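According to the numbering used here, the sequence shown holds residues 5 to 618 in order. All remarks here apply to the structure that follows.
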Amino acid sequence: MIVEPDTRFEAFAEREPYFAVLTASRFLAASRTPGDEREFFATGETLLAWMFQVIDAGLTPGFAPASTLEYGCGIGRLAIPLARRPGSVTAVDRSTAMLAHARREAAKRGLDHISFETTSSFVTTSRKFDLVVCYHVLQRMRPADGLEVVHTLLQRVAPSGVAVFQWPYRSRGSKLVAAARWTRDRVPGVNAVANRLRGKPARDPFIPTYRYALPRVLTIFDTSGFRATHVVLEDDGELGYATVFAQRHARSSRGSRPATHRPSASEPTRIVDASVDRAVTDEEISLYNRRAETYFAALTTWDHHLAKPFSLPDETPALLANFATVLQMLRLSRGLAVVDFGAGTGWLSRALTQLGCRTILVDVSATALDIARELFRRQPPIGDQPAPSFLTYDGRRLPLEDASVDRVVCFDAFHHAPDPAAMIREFARVLKPGGRAVFAEPGPRHADASRSQFEAQTYGVVENDVDVHAIGRVARMCGFADLKMSVFHEPEHLVSLDEYEDLLAGGPSQEEWLVSTRRFLHNVRNFVLIKSGDDRADSRTSKGLACDIRAPLPAATSGQAIVVDVAVTNTGSAFWLPSTARPGGVGLGAHLYDAHGALLDFEYARESLTDDPR
Numbered sequence: 005m006i007v008e009p010d011t012r013f014e015a016f017a018e019r020e021p022y023f024a025v026l027t028a029s030r031f032l033a034a035s036r037t038p039g040d041e042r043e044f045f046a047t048g049e050t051l052l053a054w055m056f057q058v059i060d061a062g063l064t065p066g067f068a069p070a071s072t073l074e075y076g077c078g079i080g081r082l083a084i085p086l087a088r089r090p091g092s093v094t095a096v097d098r099s100t101a102m103l104a105h106a107r108r109e110a111a112k113r114g115l116d117h118i119s120f121e122t123t124s125s126f127v128t129t130s131r132k133f134d135l136v137v138c139y140h141v142l143q144r145m146r147p148a149d150g151l152e153v154v155h156t157l158l159q160r161v162a163p164s165g166v167a168v169f170q171w172p173y174r175s176r177g178s179k180l181v182a183a184a185r186w187t188r189d190r191v192p193g194v195n196a197v198a199n200r201l202r203g204k205p206a207r208d209p210f211i212p213t214y215r216y217a218l219p220r221v222l223t224i225f226d227t228s229g230f231r232a233t234h235v236v237l238e239d240d241g242e243l244g245y246a247t248v249f250a251q252r253h254a255r256s257s258r259g260s261r262p263a264t265h266r267p268s269a270s271e272p273t274r275i276v277d278a279s280v281d282r283a284v285t286d287e288e289i290s291l292y293n294r295r296a297e298t299y300f301a302a303l304t305t306w307d308h309h310l311a312k313p314f315s316l317p318d319e320t321p322a323l324l325a326n327f328a329t330v331l332q333m334l335r336l337s338r339g340l341a342v343v344d345f346g347a348g349t350g351w352l353s354r355a356l357t358q359l360g361c362r363t364i365l366v367d368v369s370a371t372a373l374d375i376a377r378e379l380f381r382r383q384p385p386i387g388d389q390p391a392p393s394f395l396t397y398d399g400r401r402l403p404l405e406d407a408s409v410d411r412v413v414c415f416d417a418f419h420h421a422p423d424p425a426a427m428i429r430e431f432a433r434v435l436k437p438g439g440r441a442v443f444a445e446p447g448p449r450h451a452d453a454s455r456s457q458f459e460a461q462t463y464g465v466v467e468n469d470v471d472v473h474a475i476g477r478v479a480r481m482c483g484f485a486d487l488k489m490s491v492f493h494e495p496e497h498l499v500s501l502d503e504y505e506d507l508l509a510g511g512p513s514q515e516e517w518l519v520s521t522r523r524f525l526h527n528v529r530n531f532v533l534i535k536s537g538d539d540r541a542d543s544r545t546s547k548g549l550a551c552d553i554r555a556p557l558p559a560a561t562s563g564q565a566i567v568v569d570v571a572v573t574n575t576g577s578a579f580w581l582p583s584t585a586r587p588g589g590v591g592l593g594a595h596l597y598d599a600h601g602a603l604l605d606f607e608y609a610r611e612s613l614t615d616d617p618r
């Protein structure tokens with residue numbers, strides 16, 4: 005992606021090349037000394053030494069990149085120390101003034117294996133690098149541009165190469181300060197006035213600092229083939245910064261299964277790796293319950309959660325695709341009692357209620373359930389639907405009677421449970437015979453993902469891998485009779501019309517689809533546990549309904565009653581509920597036609613069946 009230089013910043017950077025990078029007063033041109041300039045580059049040496057220490061300890065010991073890219077090099081604070089190490093260095097910046105200064109600094113030091121490029125010339129190449137550094141740069145880009153830059157730069161990292169990215173992820177400044185900065189950035193003339201009041205040149209541009217939602221950035225790392233094993237969170241005054249060190253997986257052959265990451269002895273252990281049957285103390289349960297409540301209680305606005313699953317355009321397709329598979333596995337019908345375990349803020353529960361289910365929201369966080377109540381208040385389900393129930397949960401035992409519910413759903417919640425085995429036992433206890441527990445979860449490498457590491461470090465939440473084999477073993481001991489996996493494909497997979505026809509015909513396009521699906525499914529686990537008992541579909545849904553009706557009709561005479569003996573046989577796969585059942589009761593209906601076959605009365609008569617349906 006090309007990020008065009010800002011003409012205002014260009015002029016400012018030409019006048020204040022050091023201050024534009026490190027905004028300390030000693031780096032202003034009017035007062036800067038040669039000693040200050042040496043200190044400026046010394047900070048780069050110190051920062052670079054720290055980066056390589058982290059890479060050596062946490063990613064790959066003895067890392068010595070043969071090629072390095074620094075994106076947003078400025079006047080060479082990091083690029084020049086990098087060029088003192090073995091290997092080539094490519095330094096890229098959007099400011100030609102900054103690049104000119106960096107070239108002069110490199111020439112003064114006799115560094116001839118460093119090249120300087122503008123962003124516009126760099127994007128025309130497709131070179132790969134062993135090390136890509138983007139530090140103190142993203143905060144100067146609007147997030148829409150910055151996220152695209154992250155995605156583009158990660159494609160430039162060679163297999164087994166390393167990426168080091170830093171960006172601000174939170175601000176502790178007041179809303180008033182944020183509003184003032186927004187005004188200086190967006191309203192013409194305001195910044196010039198503010199500069200004069202501060203004794204600065206009116207023409208100096210306001211340089212905004214943009215924050216990024218960390219989960220969105222970390223998701224880009226995960227989907228680009230990286231594993232992040234070190235996340236550093238720092239506070240710098242009112243801003244919080246994150247630095248992520250990530251290594252790209254080694255390239256695997258086409259169609260083969262990606263190599264499973266096994267931590268080396270030098271790699272930091274994951275934050276949480278609770279096996280399904282690990283013993284968990286009451287103290288641990290209480291700790292994680294408190295952390296979950298603290299997370300929701302600290303929210304300053306509920307709008308994002310109330311808008312789910314339509315909060316963010318890039319997250320909505322995945323949420324809905326997963327929800328579709330969950331609905332298929334649940335086999336819902338009106339009136340079923342459904343537990344939404346780990347319901348959070350309730351968007352899925354609202355959808356289940358809209359479908360006519362008697363929904364029971366269960367969560368360890370009382371605040372999360374308060375947000376869910378607010379969702380139902382603002383967006384009540386349409387029509388006469390069952391009222392939902394809201395239950396807090398102590399982390400051990402569900403506040404429900406034995407065999408009292410028809411379904412349990414865990415949507416992106418089970419991997420947060422500190423005691424997974426206890427949860428499975430509880431699901432088996434509260435489900436009726438033939439009931440279903442449905443899960444939409446990540447997979448067996450979830451705990452290593454960069455987003456998981458960040459969530460665990462920042463909020464102290466549990467981030468478990470999801471081992472379906474272990475879950476199946478525990479489930480069988482608890483009374484579940486079967487476990488079935490959902491095979492589906494969520495990422496966009498567009499093909500030409502010819503390729504589409506080729507896929508339908510079983511040609512080469514079919515293999516590309518299968519490879520793409522396998523790649524997606526490696527870290528996705530959507531599955532259903534079916535409790536022992538009758539799991540047949542019944543007449544509350546239309547699936548599997550079929551019958552044979554034998555009704556010899558006598559000749560009809562005007563004004564006289566007729567009696568018809570009707571034999572009705574269930575020929576479908578679904579079980580028929582009694583005529584008195586609501587919903588789903590099976591009865592006999594009669595339509596009235598005239599002698600010419602025209603319909604006179606669709607609802608002419610309804611009768612109960614005399615024998616119990618089967």
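Just so it is clear, CB atoms sit at the ideal spot from N, CA and C, and this is done for glycine as well. A quick note: this is a predicted structure, and the numbers were derived from the prediction, not measured.
- Per DSSP, Tyr216 lies in no alpha helix (DSSP H) segment and is marked neither H nor E.
- When the Cα atoms are used, Gly591 and Gly339 turn out to be separated by approximately 19 Å.
- Linking Thr363 to Val330 through their CA atoms gives a straight-line distance of about 15 Å.
- Residue environment for Leu63: buried (at least 16 other C-beta atoms within 10 angstroms of its C-beta).
- Ranked by Cα distance from Tyr292, the first of Ala46, Ser490, Val465, Ser583 is Val465.
- Below 8 Å, too few C-beta pairs join the stretch 521-532 and the stretch 564-571 to call them touching: fewer than three.
- Annotation: Val413 is outside any alpha helix (DSSP H); the continuous beta strand (DSSP E) that includes it extends over 409-415.
- Looking from the CA of Phe45, the closest CA among Glu109, Val532, Thr72 belongs to Glu109.
- A residue is called buried once 16 or more other Cβ atoms fall within 10 Å of its Cβ, and Met481, having fewer, is exposed.
- When the beta-carbon positions are compared, Glu49 and Pro21 stay at least 8 Å from each other.
- Boundaries of the beta strand (DSSP E) around Phe169: 161-175.
- Only residues of its own chain outside the window of five on either side were considered, and among them Ser337, Ala578, Phe579, Trp580, Leu581, Gly588 have a CB closer than 8 Å to the CB of Asp542, listed in chain order.
- In the structure shown, the three-state DSSP call for Ile79 is coil.
- For the 8 Å CB-CB criterion, Ala250 and Arg231 form a contact.
- Contact between the stretch 97-115 and the stretch 153-165 is not established, with fewer than three Cβ pairs separated by less than 8 Å.
- Taking 8 Å as the cut-off, the beta carbon of Thr122 is found no closer than this to the beta carbon of Gly91.
- In this structure, the beta-carbon distance from Phe120 to Leu103 falls below 8 Å.
- Under a 10 Å Cβ-count criterion, Trp351 is classified as buried, with 16 or more other Cβ atoms of the shown protein chains found around its own Cβ.
- Residues of the same chain with a CB within less than 6 Å of the CB of His234, apart from the 5 flanking positions on each side, are Val58, Gly62, Phe249 in chain order.
- Within the same chain, and ignoring the five residues on either side of Arg382 in sequence, no residue has its Cβ closer than 6 Å to its Cβ.
- CA-CA distance, Leu310 to Arg377, rounds to 10 Å.
- Considering only Tyr173, Asp416, Ser456, the residue with the shortest C-alpha distance to Ala444 is Asp416.
- The residue among Arg160, Ile386, Ser612 with its C-alpha nearest the C-alpha of Cys361 is Ile386.
- Boundaries cannot be given for Asp615, as no beta strand (DSSP E) includes it and DSSP labels it neither H nor E.
- Contact between Leu356 and Asp374 does not hold, since their C-beta atoms are separated by about 19 Å, which reaches or exceeds 8 Å.
- Under a 10 Å Cβ-count criterion, Tyr173 is classified as buried, with 16 or more other Cβ atoms of the shown protein chains found around its own Cβ.
- A Cβ-Cβ separation of about 5 Å places Ala479 in contact with Leu533 under the 8 Å criterion.
- Setting aside the 5 residues that flank it on each side, Thr545 is surrounded in the same chain by Ser337, each with a C-beta closer than 6 Å to its C-beta; the list follows chain order.
- The closest CA to that of Thr349, considering only Ala341, Ala571, Val409, Ala296, is found on Ala296.
- If you draw a 10 Å sphere on the C-beta of Gly80, you find 16 or more other C-beta atoms in it, and that means buried.
- Taking the CA atoms as reference points, Pro38 sits about 55 Å from Pro448.
- For the options Thr129, Phe126, Arg89, Ala83, the alpha carbon positioned closest to that of Arg107 is the one of Ala83.
- Within the DSSP bridge table, the entry for Thr363 names Val342 as partners.
- When the alpha-carbon of Arg411 is set against those of Leu359, Phe431, Ala421, Phe126, the nearest one is in Phe431.
- In the DSSP assignment, Asn530 falls within the unbroken beta strand (DSSP E) covering 528-535.
- By the C-beta density criterion, Asp226 is buried, having at least 16 other C-beta atoms within 10 angstroms.
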